[in-house]
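Undergrad:
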Amino acid sequence: MKFKIMAGAVLLAFTGCGADSARADDDLYEGYLWSVFFEAGARGPAIADSGDFPVVLTDVASQRQLGLMEANYGPYAGEETLKNKCFYYGDGGGLLSVSDEFLGRYRAGGFTLDTLCMALVSGITHDPETGARLATVQMANVEQLSQPDYLGEPGPLSQEYPVEIPACFRNGAPLSDCAFNFDPWSGARLTAEEAGRVAAAGARITERLQALLAAGKFAKPCAPGANADFDDSCFSDVESPSGYRGRAYNVGAVYPDLLPLNGFYVFSDAYALGFAYSIGADGAAGPSASMESVRLAVSGKNRATSARLKTLQVVASAK
Numbered sequence: 219m220k221f222k223i224m225a226g227a228v229l230l231a232f233t234g235c236g237a238d239s240a241r242a243d244d245d246l247y248e249g250y251l252w253s254v255f256f257e258a259g260a261r262g263p264a265i266a267d268s269g270d271f272p273v274v275l276t277d278v279a280s281q282r283q284l285g286l287m288e289a290n291y292g293p294y295a296g297e298e299t300l301k302n303k304c305f306y307y308g309d310g311g312g313l314l315s316v317s318d319e320f321l322g323r324y325r326a327g328g329f330t331l332d333t334l335c336m337a338l339v340s341g342i343t344h345d346p347e348t349g350a351r352l353a354t355v356q357m358a359n360v361e362q363l364s365q366p367d368y369l370g371e372p373g374p375l376s377q378e379y380p381v382e383i384p385a386c387f388r389n390g391a392p393l394s395d396c397a398f399n400f401d402p403w404s405g406a407r408l409t410a411e412e413a414g415r416v417a418a419a420g421a422r423i424t425e426r427l428q429a430l431l432a433a434g435k436f437a438k439p440c441a442p443g444a445n446a447d448f449d450d451s452c453f454s455d456v457e458s459p460s461g462y463r464g465r466a467y468n469v470g471a472v473y474p475d476l477l478p479l480n481g482f483y484v485f486s487d488a489y490a491l492g493f494a495y496s497i498g499a500d501g502a503a504g505p506s507a508s509m510e511s512v513r514l515a516v517s518g519k520n521r522a523t524s525a526r527l528k529t530l531q532v533v534a535s536a537k
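This is the structure:
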C-alpha cells in the first residue's frame, strides 16, 4: 500500500508490489513524467531543424490572415477576437481564438473546437510519432522586445503554437492515442523505456477517469457560486472571462494524480471517453522568453510574409 497525502486527508491507493507499478502511479502526479522529456531533451532533436519555424506574427493583420489570434496581441488592445474562442486555463495561459476557416480544416480531420484548442496550447513543436518539426507560430510585440530594458518577460512574446497538429490529438487523449516515439517539445528520440512510461500514463488516465465517471463523478457542471475546489460530484468551468471556454479546473485539486503533464480536462458525452485533456498547459505565468527566441523575433528572419502565411494555411490541418 502507498499513502498519498492531499488536503489534509490520507488517501489509500493500491499500487501493486512491483517497482514498475509504483512508477506508473507516480507518473500520474504532476512533475514525475516530465523527467522523461527533460532527460530526452538534453539529447537534442533526432532530426535536424531547418530553422524555418516558428514564423513570427508581429501584427494583428497577419494573425487574422492565418486565422489564429492571441489576446495579448490584439483583443487586449481593443481589437475584435476571431469567432471561435479557446480556453481560459489560468492567468498566464494564452487566450486564443480561431477563425471558422482554421477550425473547419481541423474539423474535417476529426477535431472539435475543444480538442483543437487543447492541442494549440500544448506548445508542442515536434510530431511525437515521427519526430518531424511542426509548423509553429509566435506572436511578438517587436517594439517592446527591442527596448534596452527588456529582460525576457513573457508578455511581449508568446509561446510557440503549433498550427500543424498531428491527427492523434484529435480525440483529446494524446498520451494514449499518440505513439510517443519522440519528445514533442524537443524532437529527441525516446528510449523504449521512456516511451513505455508515457503509454502507461495514458492508459492509467483513461482507466482512472472512466472509473470515476462510471461512479457518477464529474457528472454535471457545478452550481454557479459553489466552492467546487474539492467537490468531485461536478466539474467547475465558470472561470472563463469574456466568453472564453472554461475548463474543469477542480480535477487537479481533488485528484492530483491525474495531472501527469500539467494540462486540464473537459467533460462531455461528445467524447468517446467522456472527457478530453490537454498536456503542457498549466496556465501559469512564464517562463521568461529565451534570448534566442527574442533575437529571432527582433531580427525579422522568420517574420510572417504573405507567402509564409499562405503556406501555414495549407499545413494547418490534421496530419
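Residues in the sequence shown are numbered consecutively from 219, following this note's numbering.
All C-beta atoms, glycine included, are put in the ideal place defined by N, C-alpha and C.
DSSP on R407, reduced to helix/strand/coil?
TA: Taking the sequence shown and counting its residues from 1, the one referred to as residue 407 is at position 189. R407 falls in the strand class under three-state DSSP.
Undergrad: List the endpoints of the continuous beta strand (DSSP E) containing L331.
TA: Indexing the sequence shown from 1 puts residue 331 at position 113. That residue, L331, is in no beta strand (DSSP E); its alpha helix (DSSP H) goes 331 to 339.
Undergrad: What are the residues that DSSP puts in a beta bridge with N389?
TA: As a working mapping, residue 389 is identified with position 171 in the sequence shown. Answer by DSSP bridge pairing: none, since N389 is not bridged.
Undergrad: My guess is that V274 and Q377 are in contact by the Cβ rule of under 8 Å, so how many angstroms apart are they, rounded?
TA: Here residue 274 refers to the residue found at position 56 of the sequence shown. Here residue 377 refers to the residue found at position 159 of the sequence shown. With 8 Å as the limit, V274 and Q377 do not qualify as a contact, their Cβ atoms being about 13 Å apart.
Undergrad: Specify the secondary structure class of S315 as computed by DSSP and reduced to three states.
TA: Translated into positions along the sequence shown, residue 315 becomes position 97. Of the three classes helix, strand and coil, the one that applies to S315 here is strand, per DSSP.
Undergrad: Rounded to whole angstroms, how far is the Cβ of V484 from the Cβ of A353, which I believe are closer than 8 Å?
TA: What you label residue 484 is simply residue 266 of the sequence shown in a count that begins at 1. What you label residue 353 is simply residue 135 of the sequence shown in a count that begins at 1. Wrong, their Cβ atoms sit about 26 Å apart, outside the cutoff.
Undergrad: Using 10 angstroms around the beta-carbon of R526, count the other beta-carbons present and answer buried if the total reaches 16, otherwise exposed.
TA: As a first step, residue 526 is located in the sequence shown; it is residue number 308 there, counting from the start. When all chains shown are included, R526 counts as buried.
Undergrad: Is the stretch 359 to 372 in contact with the stretch 328 to 339, if contact means three or more CB pairs nearer than 8 Å?
TA: no
Undergrad: Within the continuous beta strand (DSSP E) that includes T354, where are the two ends?
TA: Position 136 of the sequence shown, counted from the start, is the residue given in the question as residue 354. Looking at the DSSP string, the run of the beta strand (DSSP E) that includes T354 is 354 to 357.
Undergrad: Can you grab the Cα-Cα spacing for the pair N389 / R323, in whole Å?
TA: Numbered from 1 along the sequence shown, position 171 holds the residue referred to as residue 389. Numbered from 1 along the sequence shown, position 105 holds the residue referred to as residue 323. Those two C-alpha atoms are separated by around 15 Å.
Undergrad: Beta-carbon separation of Y467 and S454 under 7 Å?
TA: Mapped onto the sequence shown, residue 467 falls at position 249. Mapped onto the sequence shown, residue 454 falls at position 236. Yes, the pair counts as a contact, with Cβ atoms nearer than the cut-off.
Undergrad: Please state whether DSSP places F453 in a helix, a strand or coil.
TA: For this step, residue 453 is matched to residue 235 along the sequence shown. Looking at F453 - three-state DSSP - the assignment turns out to be strand.
Undergrad: On a Cα-Cα basis, can you pick out the residue from Q531, A488, S524, S535 that is closest to T276?
TA: In the sequence shown, counting from the first residue as 1, residue 276 sits at position 58. Measuring from the Cα of T276, the nearest candidate turns out to be S524.
Undergrad: Is the stretch 254 to 267 in contact with the stretch 277 to 286, if contact means three or more CB pairs nearer than 8 Å?
TA: no
Undergrad: If you run the structure through DSSP and keep just helix, strand and coil, what is L527?
TA: On the sequence shown, residue 527 is found 309 positions in, with the first residue counted as 1. Three-state result, L527: helix.
Undergrad: Going by the C-beta, is F329 closer than 6 Å to any heavy atom of the ligand NAP?
TA: As far as ligands go, the structure on display features none, and thus does not contain the ligand NAP.
Undergrad: Under a Cβ-count criterion, where at least 16 other Cβ atoms within 10 Å of its own Cβ denotes burial, should P442 be classed as buried or exposed?
TA: Taking the sequence shown and counting its residues from 1, the one referred to as residue 442 is at position 224. An exposed status is given to P442, since fewer than 16 other beta-carbon atoms sit within 10 Å of its beta-carbon.
Undergrad: May I have the straight-line CA-CA distance separating L479 from N359, to the nearest angstrom?
TA: If you number the sequence shown from 1, residue 479 lands on position 261. If you number the sequence shown from 1, residue 359 lands on position 141. Looking at the two C-alpha atoms, the distance is approximately 29 Å.
Undergrad: Can you round the beta-carbon distance between C440 and A433 to whole angstroms, since I take them to be within the 8 Å contact cut?
TA: By one-based count along the sequence shown, residue 440 stands at place 222. By one-based count along the sequence shown, residue 433 stands at place 215. About 17 Å; that fails the 8 Å criterion.
Undergrad: Can you look up Y538 in the DSSP assignment and give me helix, strand or coil?
TA: What is shown of the chain runs 219 to 537, which leaves residue 538 out entirely.
Undergrad: Note the first and the last residue of the continuous beta strand (DSSP E) segment covering V360.
TA: Your numbering for residue 360 matches position 142 in the sequence shown. Careful: V360 lies outside any beta strand (DSSP E), inside the alpha helix (DSSP H) at 360 to 363.
Undergrad: What do you reckon, are the CB atoms on Y250 and D244 nearer than 7 Å?
TA: Mapped onto the sequence shown, residue 250 falls at position 32. Mapped onto the sequence shown, residue 244 falls at position 26. Less than 7 Å separates the beta-carbon of Y250 from that of D244.
Undergrad: CB-CB under 6 Å to V254, same chain, minus the five flanking residues each way: which ones, in chain order?
TA: Position 36 of the sequence shown holds residue 254. Taken in chain order, the residues that qualify are E412, R415.
Undergrad: Going by C-alpha distance, which of Y495, A503, F320, F493 is nearest V591?
TA: In this structure the chain extends from 219 to 537, so residue 591 is not present and cannot be described.
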